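Here the structure is laid out as structure tokens; the discussion comes afterwards.
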Amino acid sequence: MNIDNTASQMRKGVLEFCILSIIKEGEAYPSDIIEKMKAANLNILEGTLYPLLTRLKNAALLSYRWEESTSGPPRKYFTLTEKGAEFYKELESTWFELANAVRALTRNEQEHIDNDSFNNTQ
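Rendered as structure tokens:
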């Protein structure tokens, strides 16, 4: 089994939540989203981000506005819609439930491993 593939699938599962988390903080330009994701060690390519933003916009979770740029083409800035904010709250709740469940399971497993190692050295 390939760990890189599994790790990639795990990251893909949380991309929407992470992107919405960034936009929830305020209006966001796609390159800013990419930079914030990189800073959090969740690298995302433009080819992944733009279709995801379009899908979220088509689901009425995001809206956008155009702003003229003095150094190139107009820029598209994204914000959460009211529906997007409600969806984010649901995602956040689901994330914390999932993270707590995984933490509880992996902590129990780690404690079991640590106890076995300790008992085997005695």
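FYI, in my numbering the residues of the sequence shown are 14 to 135. Just so it is clear, CB atoms sit at the ideal spot from N, CA and C, and this is done for glycine as well. Values in this document were obtained by computation on a predicted structure and should not be read as measured data.
The beta carbon of residue 24 sits closer than 8 angstroms to those of 55, all from its chain and outside the five residues before and after it, given in chain order. In the three-state reduction of the DSSP assignment, residue 33 falls in the helix class, which pools H, G and I.
According to DSSP, residue 79 shares a beta bridge with 89.
Counting along the chain, the unbroken alpha helix (DSSP H) around residue 48 starts and ends at 43-52. The DSSP-derived three-state label of residue 84 is coil.
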